[in-house]
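Enquirer: Got a structure here, written out as structure tokens. Questions coming.
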Amino acid sequence: MPDVIMPRLSDTMEEGELSRWMKQVGDEIHKGDVLAEIETDKATMDLEAFDNGVLEQLLVVAGTLVPIGAPVARIGDGSNIVTDGARPAAPVATAAPVATTAPVATTAPAADAAAPAALPAASAPAPVAVAPTAPTAPEAPAATPTPTGELRTSPLARKIGREHGIDLHTIAGTGPQGRITRTDVDTAILAQASAASVPEPVAAAAAPTAVSADSVTVPVSRIRAVTARRLTESQAVPHFFLTSVVNVERLVAFRTDVNASLETVGSKVSLNDLFVRACAVVLRAHPEVNASWSDGVILRHNHVNVGVAVATDDGLLVPVVADADQKSLAAIATETRALAGLARTGSLSLAQMSGGTFTISNLGMFGIDSFTAVLNPPEAGILAIGAATEVPQVRDGQLVSVPMVKITLTVDHRVLDGAVAAAFLRDLTQLLEEPLRIVL
């Protein structure tokens, strides 16, 4: 039988972290069994068996970053069981298998299971020599040179470090054999960002070795670490913001009528679902907004994929409603509800968090009147939705109370100019105020 290999889980994936083995050598394996958990910068995925047989050998230890296509295990008839074959995977020859002592016991934290895409990831397992909850975790200690003087790191870690100006020689790798992982670089970026936020006069803050008795050190989940990295990237994007006030009186009434008609099938539509559908319709009419900046060119996307920001205990995830402009309002409602549930349980697949072309973020349920959202790279726009507030208006000589919602569009100025973004927001406002057109 062919070896079990690290699969390619996305077009941009270069490697995956085999965070935890779910089967042991000698276990009987059936097609479809989950062999291991693989963490990417967006999600935790199951590695499933494609053959029946016996798990004869584990070729890498848990916590190893493995290039796509590299073998990780062997399944056979049980006649060639090897119990000491697991070793760290490395891009250069780490020829002799390393004795699998302490690293085998290293496991990835189960709580950090899922990660956004948009706000693609996960925290690397802590090596035996490093305390995972040490108060100085944000600091990037000096790296220990390898015997050959070469720096052990993955191509992706080098790329991220280069993009953020991180000297990888200052980082102590937490991967097998001191390998510098993506998470190590994320931690260094967080430390750099934290240092940048400290006022200049406080020079002594450079050595945060003591934690106040009034403070509690909170380990950073992988989702939080990657969210920090992605939003740090977003900080470099030239943003601008446009705000509109929407009269949602008709929208609220329309939602009531729709839910009454769907009651017999047990479905229900939220105001957020209406916003998803409305954004999709207007994005289809304004393809210049359904775009992103990529290496000096603008990419206009053929599919309208709307991401919906979902708060979870581990951090923010953005599941994607693919081809939202082609789906009915009822279908969008069903899908967003299912995606939100999967997000909160850490069960989203990589595909469900990939390919977004526009994002909406709704804090109205918390009573927030208005806010500005940070772009979700590489998307060119994100819509922030506030709470419906009653505003007095004069109508036919009478003072009436009208529900109004402030919506704020954040835009990548490299992709869009003010007039184009304003036309999009104007048309979105008009559509929300004439909701019958949303379902046409």
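Quick note: the sequence shown uses my numbering, first residue 650, plus one each step. For each residue, glycine too, the CB sits at the ideal point set by N, CA and C. Source: prediction; values computed, not measured.
Nearest-angstrom Cα distance between Glu688 and Ser668?
Expert: Spanning the two alpha carbons is a distance of roughly 6 Å.
Enquirer: Using a threshold of 8 Å, state whether the C-beta atoms of His888 and Val1060 are closer than that.
Expert: Yes. Within cutoff.
Enquirer: Rounding to the nearest angstrom, what Cα-Cα distance links Leu704 and Ser728 in this structure?
Expert: Rounded to whole angstroms, Leu704 to Ser728 spans 10 Å at the Cα level.
Enquirer: For the stretch 924-983, which segments carrying the beta strand (DSSP E) assignment without a break, of at least 3 residues, lie completely within its bounds, in sequence order?
Expert: DSSP runs (the beta strand (DSSP E)) wholly in the stretch 924-983: 940-943, 946-949, 955-957, 959-961, 964-966.
Enquirer: Starting from the Cα of Ala989, find the closest Cα among Val957, Gly1016, Ala973, Asp974 and give me that residue.
Expert: Checked all of Val957, Gly1016, Ala973, Asp974; the closest Cα to Ala989 is Val957.
Enquirer: Taking the beta strand (DSSP E) that Asn1011 belongs to, which residues open and close that run?
Expert: Where Asn1011 is concerned, the enclosing beta strand (DSSP E) stretches over 1007-1011.
Enquirer: Here's the rule: buried if 16 or more other CB atoms are within 10 angstroms of the residue's CB, otherwise exposed. What is Lys976?
Expert: Buried: at least 16 other Cβ atoms inside 10 Å.
Enquirer: To the nearest whole angstrom, what separates the beta carbons of Leu1058 and Leu891, a pair I think is in contact under 8 Å?
Expert: Their Cβ separation, rounded to whole angstroms, is 5 Å, which keeps Leu1058 and Leu891 in contact under 8 Å.
Enquirer: Tell me whether Gly681 sits in a helix, a strand or coil according to DSSP, three-state version.
Expert: Coil, per DSSP.
Enquirer: What residues are listed by DSSP as bridge partners for Thr693?
Expert: Glu688, per the DSSP bridge assignment.
Enquirer: With a CB to CB cut of under 6 Å and the five nearest residues on each side skipped, what residues in its chain are close to Ala778?
Expert: Note on Ala778: pLDDT 40, under 50, position unreliable in the model; no value is reported.
Enquirer: Within 10 Å of its beta-carbon, does Glu984 have 16 or more other beta-carbons around it, so buried, or fewer, so exposed?
Expert: Per the 10 Å Cβ criterion, buried.
Enquirer: Across which residues does DSSP place Asp1061 in a beta bridge pair?
Expert: DSSP, once it has assigned bridges, lists His888 as partnering Asp1061.
Enquirer: If I measure Cβ to Cβ from Met662 and keep anything under 7 Å in the same chain, skipping five residues before and after, which residues do I get?
Expert: Taken in chain order, the residues that qualify are Thr689, Ile717.
Enquirer: Could you check whether Val969 and Ser919 sit closer than 8 Å to each other, using their CB atoms as the reference points?
Expert: Cβ atoms of Ser919 and Val969: not closer than 8 Å.
Enquirer: Does the beta-carbon distance from Glu666 to Gly712 come in below 8 Å?
Expert: Cβ atoms of Glu666 and Gly712: closer than 8 Å.
Enquirer: According to DSSP, is Gln1001 part of a helix, a strand, or is it coil?
Expert: Gln1001: helix per DSSP, three-state reduction.
Enquirer: Check whether the Cβ of Thr1021 lies closer than 7 Å to any heavy atom of the ligand COA, and answer yes or no.
Expert: Among the ligands in the structure shown, none appear at all, so the ligand COA cannot be discussed.
Enquirer: Relative to the C-alpha of Leu708, which residue among Ala698, Phe699, Thr732, Glu686 is closest?
Expert: Per the Cα distances, Thr732.
Enquirer: Beta-carbon within less than 7 Å of Leu1048's beta-carbon, same chain only, minus the 5 sequence neighbours each way: which residues are those?
Expert: Excluding positions up to five away in sequence, the list reads Pro1041.
Enquirer: Distance, Cα to Cα, Ala783 vs Thr866?
Expert: For Ala783, the predicted model reports a pLDDT of 40, less than 50, meaning its position is unreliable; a value from the coordinates is still stated below. Near 8 Å, if we compare the C-alpha coordinates of Thr866 and Ala783.
Enquirer: Starting from the Cα of Ile872, find the closest Cα among Ala927, Thr693, Phe1073 and give me that residue.
Expert: Of the listed residues, the one whose Cα sits closest to Ile872 is Thr693.
Enquirer: Strictly by DSSP, which residues pair up with Ser1019?
Expert: None, per the DSSP bridge assignment.
Enquirer: Grouping DSSP H, G and I as helix and E and B as strand, with all else coil, what is Met1014?
Expert: Note: Met1014 maps to helix in three-state DSSP.
Enquirer: By the DSSP assignment, the beta strand (DSSP E) with Val721 in it spans what residues?
Expert: First-last of the beta strand (DSSP E) with Val721: 720-725.
Enquirer: How big is the Cα-Cα spacing for Asp833 and Leu880?
Expert: Rounded to whole angstroms, Asp833 to Leu880 spans 17 Å at the Cα level.
Enquirer: Short check: CB of Ile981 to CB of Asp922, under 8 Å?
Expert: Contact flag set, yes.
Enquirer: Within the continuous alpha helix (DSSP H) that includes Leu1077, where are the two ends?
Expert: Residues 1067-1082.
Enquirer: Go to Thr905, then tell me how far its alpha helix (DSSP H) extends in each direction, as first and last residue.
Expert: Note, Thr905: alpha helix (DSSP H), 898-911.
Enquirer: Can you check whether the CB of Pro1052 is closer than 8 Å to the CB of Glu1039?
Expert: Yes; because the gap between Cβ atoms is below 8 Å, this pair is in contact.
Enquirer: Using the beta-carbon count (16 or more within 10 Å), is Ala685 buried or exposed?
Expert: Buried.
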